[in-house]
Amino acid sequence: MGTSVDEQLDSGQAMSIRTKLLSWYEKNKRDLPWRRERDPYKIWVSEVMLQQTRVDTVIPYYERFMRRFPTLEDLASASEEEVIKAWEGLGYYSRARNLHAAVREVVASYGGKVPDDREAMRRLKGVGSYTVGAILSIAYNQRVPAVDGNVMRVLSRLFAIEGDITRTATRRRMEALAAELIPEDRPGDFNQAMMELGALICSSSSPECARCPLHRECRAYEQGRVKDFPVKRKGKAPVPVSVVFGRIVDEEGRILFEQRPKKGLLAGMWGLPTAEREGDESPQARLERYCAEKGIAIEPGPVLGRVEHVFSHRRWQGVVVSGRASAGPRSLPEGWRWVSEAELNSLALPKVYEKALSADQYPVQLELALKIEN
DNA sequence: TAGACGTGGAA
DNA sequence: TTTCCAAGTCT
């Protein structure tokens, strides 16, 4: 079996860690909007928003979302369009769709009360191991681990765990370890304290060990190897992809929008017609061909600007091409529509398309003029 | 299981 | 500019 981390954890050590951490947390915890109540629905929304997203980014979204959908029932009875609109700009839009579907499931199957057991919660869309632990411990005071990136970083340093944290097996070990550390009372505070320590002290790039309440029990600190943890496989750089965006208008000044495929990047979101480019085909020719393949005749115009947008795994290098609908019959296929200025405000627009739409604020001609000036 | 899935901020 | 990330989940 070798040296399991569990063997390194005697009860005295565990007690010491609990006491010091909780004491530190009481004095140093941030006053965050979702920490003011124990409503499982509110905890849930905050946890989903916080997935892979910074606290500072989430706060205004959370405040707005709670004003718009104060209760679980409010969210369940809203349309998906409204929910996505409230999520606009936050990214990872499947989180919003899953949350919406899951909340409806809670109304349909659990009488509107967020389930308080692991199995039922885990079956809800978008609710994984971490979120189950966060909700059950914080809202229901249950002794369930909530192991996120912060907790893995703290634990990996505390116990000098060499396992790659991108592997499921390592996370499972961490969960087992975290479960043992959770005190019988205050499980929610303990889980939050671990995360708070990771966020404020035991940070990724510049840990402040001198201020850490646990440095005396930290194996990595003892070994002078804090920055060696957590062990993590290198991610891959986003793959560059050339695209063309069409800013195509009709005689009323409406703009042509296309709904993205149900699967994949920006699934189901509305945006400017977008086509990937290959070879030396001009952006105008590519856009015209793309639209023609969809049965839409357009007349491309000049390039309005350029857009660079980086996703997790793709780097879109885009050219915005103007255009107008050709004369003649104008019925649009499924998933295409003309959008007026007014309608644009009710559409949830991903950031990349927001950029593309404002690209004509700096047309290439002006770009050149500025370049010459400097 | 490793890759897909958004965005913005910091080093 | 590039890289890495930030309270993960799904496939």
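Per this note's numbering, numbering through the first sequence is continuous, rising by one, with the last residue being 377.
No residue lacks a Cβ here, since even glycine has one placed at the ideal position from N, Cα and C.
So residue 156 and residue 276 are in contact, right, with Cβ under 8 Å, and what is the actual spacing, rounded? The sequence position of residue 156 within the first sequence is 153, counting from 1. The sequence position of residue 276 within the first sequence is 273, counting from 1. Distance from residue 156 to residue 276 at the Cβ level is roughly 42 Å; contact not present, criterion being Cβ atoms closer than 8 Å.
Inter-stretch contact (C-beta, 8 Å, three-pair minimum) for the stretch 95-111 and the stretch 128-143: yes
Specify the secondary structure class of residue 141 as computed by DSSP and reduced to three states. Start at 1 with the first residue of the first sequence, and residue 141 comes out as number 138. The answer is helix: DSSP assigns residue 141 an H, G or I state.
Straight-line CA distance for residue 23 to residue 355? Residue mapping note: residue 23 aligns to position 20 of the first sequence, counting from 1. Residue mapping note: residue 355 aligns to position 352 of the first sequence, counting from 1. C-alpha separation (whole angstroms): 45 Å.
When you compare only the Cα positions, how much space is there between residue 322 and residue 45? Numbered from 1 along the first sequence, position 319 holds the residue referred to as residue 322. Numbered from 1 along the first sequence, position 42 holds the residue referred to as residue 45. Residue 322 and residue 45: Cα-Cα distance of roughly 41 Å.
Same chain, Cβ closer than 6 Å to residue 316, neighbours up to 5 away in sequence not counted: On the first sequence, position 313 is the one that residue 316 refers to. Answer for residue 316: 241, listed in chain order.
Taking 8 Å as the limit between beta carbons, can you name the residues of its chain near residue 270, skipping five residues before and five after? The sequence position of residue 270 within the first sequence is 267, counting from 1. So the list reads 96, 97, 263 and 264, once near-sequence residues are dropped.
Work out the CA separation of residue 72 and residue 261 for me, nearest whole Å. Stepping through the first sequence from its first residue, residue 261 is reached at position 258. Stepping through the first sequence from its first residue, residue 72 is reached at position 69. Taking the straight line from one Cα to the other gives about 28 Å.
Residue 358 to residue 51 span [Cα, whole Å]: Stepping through the first sequence from its first residue, residue 358 is reached at position 355. Stepping through the first sequence from its first residue, residue 51 is reached at position 48. Distance between the alpha carbons of residue 358 and residue 51 is about 26 Å.
Where does residue 218 sit, in a helix, a strand or coil, going by DSSP? Working through the first sequence from its first residue, we reach residue 218 at position 215. Residue 218: helix per DSSP, three-state reduction.
According to the neighbour-count rule (16 or more other Cβ atoms, all chains shown, within 10 Å of its Cβ), is residue 255 buried or exposed? Along the first sequence, one-based indexing puts residue 255 at 252. When all chains shown are included, residue 255 counts as exposed.
Buried or exposed for residue 57, please, with buried defined as at least 16 other CB atoms from any protein chain shown within 10 angstroms of its CB. By one-based count along the first sequence, residue 57 stands at place 54. Result: exposed.
Which same chain residues end up closer than 7 Å to residue 133 when comparing Cβ atoms and leaving out the 5 residues on each side of it in sequence? The residue given as residue 133 occupies position 130 in the first sequence. So the qualifying residues of the chain are 149, 150 and 151.
Bounding residues of the alpha helix (DSSP H) (the contiguous stretch that carries residue 37): To locate residue 37, count along the first sequence from 1; it is residue 34. Where residue 37 is concerned, there is no enclosing alpha helix (DSSP H), given that its DSSP letter is neither H nor E.
Ends of the beta strand (DSSP E) at residue 320? Sequence index remark: in the first sequence, residue 320 carries index 317 (1-based). That run of the beta strand (DSSP E) goes 317-328.
Return helix, strand or coil for residue 173, following the three-state DSSP convention. Within the first sequence, numbered from 1, the residue matching residue 173 stands at position 170. It is helical.
Here's the rule I'm using: 16 or more other beta-carbon atoms within 10 Å means buried, otherwise exposed. How should residue 201 be labelled? If you number the first sequence from 1, residue 201 lands on position 198. So residue 201 ends up on the buried side.
What is the rounded straight-line gap between the Cα of residue 186 and the Cα of residue 339? Here the question's residue 186 lines up with position 183 in the first sequence. Here the question's residue 339 lines up with position 336 in the first sequence. Those two C-alpha atoms are separated by around 55 Å.
CA-to-CA distance, residue 345 to residue 328, given in whole angstroms: If you number the first sequence from 1, residue 328 lands on position 325. If you number the first sequence from 1, residue 345 lands on position 342. About 20 Å.
Residue 301 bridges to which residues according to DSSP? Working through the first sequence from its first residue, we reach residue 301 at position 298. For residue 301, which the question treats as bridged, DSSP gives the partners 328.
Own chain, CB closer than 8 Å to residue 36, minus 5 neighbours either side, in chain order: Looking up residue 36 in the first sequence gives position 33. The residues are 49, 62, 65, 66 and 69.
Where does residue 334 fall in DSSP's three states? Looking up residue 334 in the first sequence gives position 331. Residue 334: coil per DSSP, three-state reduction.
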